[in-house]
Every structure is written in C-alpha cells, then in structure tokens.
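Asker: First the structure, then my questions, so here it is.
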Amino acid sequence: MNPISFFLVLIGVLLNAAAQLLLKAGVNQIGKFNFSLNNLLPIGTKIAMEPHILGGLGLYVISVGVWIMALSRVPVSIAYPMLSIGYIVNALAAWYWLGESITPVRVLGMAVIIIGVYLVARS
Numbered sequence: 162m163n164p165i166s167f168f169l170v171l172i173g174v175l176l177n178a179a180a181q182l183l184l185k186a187g188v189n190q191i192g193k194f195n196f197s198l199n200n201l202l203p204i205g206t207k208i209a210m211e212p213h214i215l216g217g218l219g220l221y222v223i224s225v226g227v228w229i230m231a232l233s234r235v236p237v238s239i240a241y242p243m244l245s246i247g248y249i250v251n252a253l254a255a256w257y258w259l260g261e262s263i264t265p266v267r268v269l270g271m272a273v274i275i276i277g278v279y280l281v282a283r284s
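Structure below.
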C-alpha cells in the first residue's frame, strides 16, 4: 500500500471513529430514552437538534467520501480490516474524554487487533 492510499484509509478510519465519539457525546447529552409512539416526536426532535449528533453525522458523510477514494486505490480485502484501528482509537478516546474504562482484557483485544491489522497490511 503506498503512502497516499494508507493516508486515505487512515483518515477514513479516524473520521469514522470521531463520528462515533460525537454520537456518543450527543446521546450522553440527551440521556437514556425509550422509543414509543408517545415520545417518538420529542426524542426524534432532541436527536435531530443535538449538535454532537449533527457533527457526528456530518463526519460520517465526509468519511464515506474519503473511504470511497481509498477503496478506489486499495483492495477491499485490505482496506476493510483497517477499520479495526477505529476500535482502538475509540477505546482510547472514550477512556480519555468520556471516562470509560479499559480493562486488561480490552488491552489484550486491542493488541490482537494491532497484530491482525499489521499482518493484513503486510500481505
């Protein structure tokens, strides 16, 4: 994989990870909710107006554009496994910004992901 292709894949992964973090921050602002016919409109309005959620959706749109450019250069059998890097980025960012825990088992899982991504990238 050449540097431009790797850069596109990495930017797509990072944008996708950032979108997930913004969506989580948005639902944290809204709080836990249940869908029912009675609250569908109020909850739907809250979701549609929450700035973090709107930002996350915007990043998703941008990430799809970047991802399409990446897929035009890299086989999907190599590019798609690279999305696993997003799990690591999100776990670390959620720990840092959202106060979520990272257990030793999660660290082991992240290590396995790193090894797998390395092996796929080298193939």
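Numbering (our numbering), first residue to last: 162 to 284. Idealized CB from N, CA, C, for every residue including glycine.
1) Alpha carbon to alpha carbon, how far is residue 253 from residue 265? Give it in angstroms, no decimals.
2) Report buried or exposed for residue 193, applying the criterion of at least 16 other Cβ atoms within 10 angstroms of its Cβ.
3) Taking residue 255 as the reference, give the member of 231, 180 and 228 with the closest Cα.
4) Considering only residues of the same chain and omitting the five flanking positions on each side of residue 200, which have a CB-CB separation below 8 Å?
5) Is DSSP giving residue 234 helix, strand or coil here?
6) Mapping DSSP to helix, strand and coil, what is residue 263?
7) Between the Cα of residue 191 and those of 178, 214 and 172, spot the shortest distance and give me the residue it belongs to.
8) Is the Cβ-Cβ distance between residue 223 and residue 281 less than 8 Å?
Answerer: Concretely, from the data shown:
1) Position 104 of the sequence shown holds residue 265. Position 92 of the sequence shown holds residue 253. For residue 265 and residue 253, the distance between alpha carbons rounds to 13 Å.
2) Here residue 193 refers to the residue found at position 32 of the sequence shown. Exposed: under 16 other Cβ atoms inside 10 Å.
3) Position 94 of the sequence shown, counting from 1, holds the residue named residue 255. When only C-alpha atoms are compared, the closest one is 180.
4) Counting from one through the sequence shown, the residue named residue 200 turns up at place 39. For residue 200, where only same-chain residues beyond five positions count, the Cβ hits under 8 Å are 194.
5) Numbered from its first residue, the sequence shown carries residue 234 at position 73. Shown here, residue 234 sits in coil according to DSSP, grouped into three states, outside any helix or strand.
6) As a first step, residue 263 must be located in the sequence shown, where it is residue number 102. The DSSP-derived three-state label of residue 263 is coil.
7) Here residue 191 is taken as the residue at index 30 of the sequence shown, counted from 1. If we check each option's Cα against that of residue 191, 214 comes out closest.
8) Locating residue 223 in the sequence shown gives position 62, where the first residue counts as 1. Locating residue 281 in the sequence shown gives position 120, where the first residue counts as 1. It is not a contact, given that the beta carbons lie outside the stated cut-off.
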